[in-house]
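These notes are about the structure you will find just below.
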Amino acid sequence: MQEYIQKRVLELCTYILETQATVRQAAQVFGVSKSTVHKDMTERLPSLNKDLAQQVKKVLDFNKSERHLRGGEATRKKYRKEEKQN
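Residue numbering for the sequence shown follows our numbering, beginning at -6 and increasing consecutively.
Here's what the structure looks like:
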């Protein structure tokens, strides 16, 4: 693995653990795709540091389990905003 990729993987890992960020949020901050973040965390990180990979997996699994709730909240906010404008 190239050095710049290793550096990105570890920086992404640190960011996700410190902020409990979603894949989408991390991708936006680092200017990479969601696919890149996902691959970095699920395939590349375990080869660099298994303990960190397990910690990140817990965060990502938690975020995934809440995904349907976040989507519902976004829809509620959208329609409340539209109601106020009308």
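Every residue, glycine too, gets a C-beta built ideally from N, C-alpha and C.
| task | Could you tell me whether the stretch -6 to 6 touches the stretch 38 to 55, using the rule of 3 or more Cβ pairs below 8 Å? | result | yes
| field | N- and C-terminal bounds of the alpha helix (DSSP H) containing Val2 | value | Here residue 2 refers to the residue found at position 9 of the sequence shown. -4 to 12 is the span of the alpha helix (DSSP H), which, as asked, contains Val2.
| Hey, Lys27 and Arg17: beta-carbon distance below 8 Å or not? | Locating residue 27 in the sequence shown gives position 34, counting from the first residue. Locating residue 17 in the sequence shown gives position 24, counting from the first residue. A contact, by the Cβ cut-off of 8 Å.
| query | Roughly how many angstroms lie between the CA atoms of Thr68 and Gln78, to the nearest whole one? | reply | Residue mapping note: residue 68 aligns to position 75 of the sequence shown, counting from 1. Residue mapping note: residue 78 aligns to position 85 of the sequence shown, counting from 1. Their backbone Cα atoms lie some 16 Å apart in a straight line.
| Under the three-state reduction of DSSP, which class applies to Ser58: helix, strand or coil? | Within the sequence shown, residue 58 is the residue found at index 65, counting from 1. In the structure shown, Ser58 sits in a helix (DSSP, three-state: H, G or I).
| message | Considering Cα atoms alone, identify which of Glu59, Tyr(-3), Met(-6) is closest to Ala14. | response | Looking up residue 14 in the sequence shown gives position 21. Among Glu59, Tyr(-3), Met(-6), the Cα nearest to that of Ala14 is on Glu59.
| query | For the candidate residues Glu(-4), Ile9, Ile(-2), whose alpha-carbon lies nearest to that of Lys51? | reply | Working through the sequence shown from its first residue, we reach residue 51 at position 58. It is Ile9 whose Cα lies nearest to the Cα of Lys51.
| request: Out of Lys74, Met34, Gln48, state which residue places its alpha-carbon closest to the alpha-carbon of Ile(-2). | output: To locate residue -2, count along the sequence shown from 1; it is residue 5. For the residues Lys74, Met34, Gln48, the minimum Cα distance to Ile(-2) belongs to Met34.
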